[in-house]
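Enquirer:
Residue numbers (the working numbering): 164 to 398.
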(Lines of atoms letter the chains of each structure in order from A and count residues from 1; the text may use other names and numbers.)
(Lines give C-alpha, C1' and ligand atoms only; values in the text may rest on other atoms or scores of the structure.)
Protein backbone atom coordinates (compact mmCIF):
# COMPACT_ATOMS: atom_id res chain seq x y z
CA UNK A 1 0.00 0.00 0.00
CA UNK A 2 1.16 3.52 -0.79
CA UNK A 3 1.15 6.53 1.52
CA UNK A 4 -2.08 7.71 -0.11
CA UNK A 5 -3.76 4.32 0.31
CA UNK A 6 -2.92 4.23 4.01
CA UNK A 7 -4.08 7.81 4.49
CA UNK A 8 -7.39 6.94 2.80
CA UNK A 9 -7.75 3.80 4.91
CA UNK A 10 -7.10 5.76 8.13
CA UNK A 11 -9.57 8.48 7.12
CA UNK A 12 -12.32 5.90 6.53
CA UNK A 13 -11.57 4.17 9.82
CA UNK A 14 -12.18 7.55 11.47
CA UNK A 15 -15.51 7.74 9.57
CA UNK A 16 -14.42 11.00 7.98
CA UNK A 17 -15.12 12.16 4.43
CA UNK A 18 -12.54 13.87 2.24
CA UNK A 19 -14.50 17.11 2.61
CA UNK A 20 -14.55 16.87 6.41
CA UNK A 21 -10.81 16.30 6.57
CA UNK A 22 -10.22 19.13 4.11
CA UNK A 23 -12.35 21.51 6.21
CA UNK A 24 -10.39 20.68 9.37
CA UNK A 25 -7.10 21.24 7.56
CA UNK A 26 -8.34 24.38 5.83
CA UNK A 27 -7.48 23.14 2.34
CA UNK A 28 -9.49 22.08 -0.72
CA UNK A 29 -11.08 18.66 -1.06
CA UNK A 30 -9.10 18.25 -4.29
CA UNK A 31 -5.88 18.43 -2.27
CA UNK A 32 -7.05 15.52 -0.10
CA UNK A 33 -8.02 13.55 -3.20
CA UNK A 34 -4.60 14.20 -4.74
CA UNK A 35 -2.83 13.06 -1.56
CA UNK A 36 -4.79 9.81 -1.56
CA UNK A 37 -4.25 9.21 -5.30
CA UNK A 38 -0.54 9.87 -4.90
CA UNK A 39 -0.44 12.72 -7.42
CA UNK A 40 0.83 15.13 -4.76
CA UNK A 41 2.23 14.97 -1.25
CA UNK A 42 1.26 17.12 1.77
CA UNK A 43 3.69 19.77 2.96
CA UNK A 44 5.32 19.15 6.34
CA UNK A 45 2.92 21.27 8.40
CA UNK A 46 -0.15 19.63 6.81
CA UNK A 47 1.45 16.20 7.14
CA UNK A 48 1.80 16.61 10.90
CA UNK A 49 -1.80 17.82 11.13
CA UNK A 50 -3.03 14.78 9.18
CA UNK A 51 -1.08 12.46 11.48
CA UNK A 52 -2.58 14.09 14.57
CA UNK A 53 -6.14 14.35 13.24
CA UNK A 54 -6.24 10.72 12.16
CA UNK A 55 -4.40 9.56 15.29
CA UNK A 56 -1.70 7.80 13.32
CA UNK A 57 1.71 6.40 14.06
CA UNK A 58 3.91 8.01 11.36
CA UNK A 59 5.55 4.65 10.73
CA UNK A 60 2.14 3.24 9.79
CA UNK A 61 1.88 5.74 6.96
CA UNK A 62 5.44 5.21 5.74
CA UNK A 63 6.02 1.53 6.44
CA UNK A 64 5.95 0.63 2.74
CA UNK A 65 8.27 3.39 1.59
CA UNK A 66 11.08 3.17 4.13
CA UNK A 67 14.43 3.80 2.47
CA UNK A 68 15.82 0.29 2.05
CA UNK A 69 19.36 1.64 2.01
CA UNK A 70 19.16 3.64 5.22
CA UNK A 71 16.36 1.75 6.97
CA UNK A 72 15.12 5.05 8.42
CA UNK A 73 11.62 5.58 9.76
CA UNK A 74 9.64 8.78 9.36
CA UNK A 75 10.75 10.26 12.69
CA UNK A 76 14.39 9.57 11.86
CA UNK A 77 14.12 11.14 8.41
CA UNK A 78 12.49 14.20 9.97
CA UNK A 79 15.25 14.50 12.58
CA UNK A 80 17.93 14.14 9.92
CA UNK A 81 16.28 16.81 7.81
CA UNK A 82 16.29 19.25 10.75
CA UNK A 83 19.86 18.27 11.72
CA UNK A 84 21.13 19.21 8.26
CA UNK A 85 19.81 22.74 8.77
CA UNK A 86 21.92 23.28 11.90
CA UNK A 87 25.25 25.08 11.95
CA UNK A 88 28.46 23.39 13.12
CA UNK A 89 28.13 24.58 16.72
CA UNK A 90 24.54 23.38 17.02
CA UNK A 91 25.43 20.01 15.49
CA UNK A 92 28.20 19.58 18.04
CA UNK A 93 25.70 20.22 20.84
CA UNK A 94 23.17 17.75 19.40
CA UNK A 95 25.88 15.11 18.91
CA UNK A 96 26.99 15.53 22.51
CA UNK A 97 23.45 15.17 23.88
CA UNK A 98 22.69 12.09 21.77
CA UNK A 99 25.92 10.36 22.77
CA UNK A 100 25.40 11.08 26.47
CA UNK A 101 21.77 9.93 26.37
CA UNK A 102 22.79 6.73 24.63
CA UNK A 103 25.54 6.14 27.17
CA UNK A 104 23.13 6.81 30.05
CA UNK A 105 20.75 4.27 28.56
CA UNK A 106 23.53 1.68 28.34
CA UNK A 107 24.50 2.45 31.94
CA UNK A 108 20.93 1.95 33.13
CA UNK A 109 20.72 -1.37 31.29
CA UNK A 110 23.98 -2.53 32.85
CA UNK A 111 22.86 -1.45 36.32
CA UNK A 112 19.65 -3.44 35.77
CA UNK A 113 21.68 -6.45 34.54
CA UNK A 114 19.88 -6.41 31.23
CA UNK A 115 20.10 -9.52 29.08
CA UNK A 116 19.87 -7.31 25.99
CA UNK A 117 23.49 -6.23 26.45
CA UNK A 118 25.86 -8.54 24.60
CA UNK A 119 28.67 -6.52 23.01
CA UNK A 120 29.94 -3.08 24.04
CA UNK A 121 32.90 -0.88 23.14
CA UNK A 122 34.89 1.12 25.70
CA UNK A 123 36.40 4.24 24.13
CA UNK A 124 39.51 5.21 26.10
CA UNK A 125 41.23 7.31 23.47
CA UNK A 126 41.55 10.26 25.88
CA UNK A 127 42.66 8.50 29.06
CA UNK A 128 41.66 5.75 31.49
CA UNK A 129 38.14 7.13 31.90
CA UNK A 130 36.08 6.49 28.80
CA UNK A 131 32.68 6.11 27.23
CA UNK A 132 30.64 3.02 26.51
CA UNK A 133 28.93 2.55 23.17
CA UNK A 134 26.89 -0.27 21.70
CA UNK A 135 29.10 -2.64 19.74
CA UNK A 136 28.18 -4.07 16.38
CA UNK A 137 28.44 -7.84 16.12
CA UNK A 138 29.84 -7.60 12.59
CA UNK A 139 32.77 -5.57 13.89
CA UNK A 140 33.81 -8.12 16.49
CA UNK A 141 37.10 -9.85 15.66
CA UNK A 142 36.71 -13.34 14.27
CA UNK A 143 37.45 -15.97 16.89
CA UNK A 144 36.72 -13.74 19.89
CA UNK A 145 34.01 -15.29 22.03
CA UNK A 146 32.92 -14.32 25.52
CA UNK A 147 33.63 -16.71 28.38
CA UNK A 148 31.00 -19.34 29.13
CA UNK A 149 29.90 -17.67 32.38
CA UNK A 150 30.13 -14.10 31.08
CA UNK A 151 27.06 -11.96 30.41
CA UNK A 152 28.63 -9.65 27.85
CA UNK A 153 31.91 -8.74 26.17
CA UNK A 154 33.65 -5.36 25.87
CA UNK A 155 36.10 -4.28 23.19
CA UNK A 156 38.76 -1.74 24.16
CA UNK A 157 39.18 1.16 21.74
CA UNK A 158 42.08 3.55 22.31
CA UNK A 159 45.37 3.44 24.20
CA UNK A 160 44.28 4.99 27.52
CA UNK A 161 44.69 1.68 29.39
CA UNK A 162 48.08 0.71 27.98
CA UNK A 163 50.33 -1.05 28.89
CA UNK A 164 47.85 -3.12 30.95
CA UNK A 165 45.15 -3.45 28.29
CA UNK A 166 45.59 -2.66 24.62
CA UNK A 167 43.42 -1.27 21.86
CA UNK A 168 41.56 -4.07 20.12
CA UNK A 169 41.58 -6.41 23.13
CA UNK A 170 38.39 -7.81 24.66
CA UNK A 171 37.07 -8.41 28.16
CA UNK A 172 34.47 -10.99 29.19
CA UNK A 173 32.33 -9.56 31.98
CA UNK A 174 29.81 -11.07 34.37
CA UNK A 175 27.18 -9.11 36.27
CA UNK A 176 28.05 -8.99 39.98
CA UNK A 177 26.72 -6.93 42.88
CA UNK A 178 30.24 -6.84 44.33
CA UNK A 179 33.69 -8.23 43.62
CA UNK A 180 36.33 -9.79 45.86
CA UNK A 181 39.63 -8.28 46.93
CA UNK A 182 42.15 -7.72 44.12
CA UNK A 183 39.59 -8.45 41.43
CA UNK A 184 39.12 -6.27 38.38
CA UNK A 185 35.75 -4.77 37.58
CA UNK A 186 34.14 -2.49 35.03
CA UNK A 187 33.00 0.64 36.88
CA UNK A 188 31.11 3.84 36.24
CA UNK A 189 33.01 6.58 38.07
CA UNK A 190 31.20 9.93 38.03
CA UNK A 191 29.65 9.27 34.64
CA UNK A 192 32.73 7.78 33.01
CA UNK A 193 33.55 4.12 32.52
CA UNK A 194 36.86 2.59 33.56
CA UNK A 195 38.48 -0.64 34.68
CA UNK A 196 39.48 -0.65 38.34
CA UNK A 197 40.55 -3.04 41.08
CA UNK A 198 39.14 -3.43 44.59
CA UNK A 199 41.67 -3.35 47.44
CA UNK A 200 41.07 -2.99 51.16
CA UNK A 201 37.58 -1.62 50.67
CA UNK A 202 38.82 1.02 48.23
CA UNK A 203 38.85 1.23 44.44
CA UNK A 204 42.12 1.73 42.59
CA UNK A 205 42.83 2.46 38.96
CA UNK A 206 44.71 -0.23 37.05
CA UNK A 207 47.80 1.96 37.46
CA UNK A 208 47.60 1.84 41.27
CA UNK A 209 46.07 5.25 42.06
CA UNK A 210 43.34 5.20 44.71
CA UNK A 211 40.06 6.76 43.63
CA UNK A 212 39.11 9.33 46.27
CA UNK A 213 35.41 8.81 46.98
CA UNK A 214 35.13 12.17 48.77
CA UNK A 215 35.58 14.06 45.52
CA UNK A 216 32.99 12.09 43.57
CA UNK A 217 29.54 13.46 42.82
CA UNK A 218 27.97 10.02 43.02
CA UNK A 219 28.72 6.53 44.25
CA UNK A 220 30.71 4.32 41.84
CA UNK A 221 28.57 1.76 40.01
CA UNK A 222 29.93 -1.71 39.35
CA UNK A 223 28.93 -2.88 35.88
CA UNK A 224 30.43 -6.31 36.38
CA UNK A 225 33.43 -8.49 37.17
CA UNK A 226 36.07 -9.12 34.53
CA UNK A 227 36.27 -12.88 34.04
CA UNK A 228 38.70 -13.12 31.16
CA UNK A 229 41.04 -10.98 29.10
CA UNK A 230 41.10 -11.81 25.39
CA UNK A 231 44.22 -10.47 23.70
CA UNK A 232 43.93 -9.48 20.09
CA UNK A 233 46.21 -11.49 17.85
CA UNK A 234 49.03 -9.23 16.74
CA UNK A 235 51.44 -9.97 13.95
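Virtual Cβ for every residue (Gly too), placed ideally from N, Cα, C.
I want to know whether the segment 315-330 touches the segment 244-260 - three or more CB-CB distances under 8 Å.
Expert: No, they do not touch.
Enquirer: Near residue 281, which residues of its chain fall below 7 Å by C-beta distance, leaving aside the five closest residues on each side in sequence?
Expert: 315
Enquirer: Excluding the 5 residues flanking residue 265 on each side, which residues of the same chain have their C-beta closer than 6 Å to its C-beta?
Expert: none
Enquirer: In three-state DSSP terms, what is residue 186?
Expert: helix
Enquirer: Alpha carbon to alpha carbon, what distance is there between residue 272 and residue 172?
Expert: 39 Å
Enquirer: Would the beta-carbon of residue 356 fall within 7 Å of that of residue 291?
Expert: no
Enquirer: Looking at the structure shown, is residue 373 part of a helix, part of a strand, or coil, going by DSSP?
Expert: It is a strand residue.
Enquirer: In terms of residues, what are the limits of the alpha helix (DSSP H) holding residue 167?
Expert: 166-176
Enquirer: So, with DSSP's three-state summary, where would you put residue 381?
Expert: coil
Enquirer: Would you kindly work out how many angstroms separate the C-alpha atoms of residue 213 and residue 253, rounded to a whole number?
Expert: Residue 213 and residue 253 have their C-alpha atoms spaced approximately 30 Å apart.
Enquirer: Is residue 359 helix, strand or coil by DSSP?
Expert: strand
Enquirer: Beta-carbon within less than 7 Å of residue 185's beta-carbon, same chain only, minus the 5 sequence neighbours each way: which residues are those?
Expert: 191, 192, 194 and 195
Enquirer: Identify the continuous beta strand (DSSP E) that holds residue 368 and give its terminal residues.
Expert: 365-368
Enquirer: Mind checking residue 351: buried by the 16 CB within 10 Å criterion, or exposed?
Expert: buried
Enquirer: Which residue marks the beginning of the beta strand (DSSP E) containing residue 323, and which one marks its end?
Expert: No beta strand (DSSP E) holds residue 323; DSSP gives it neither H nor E.
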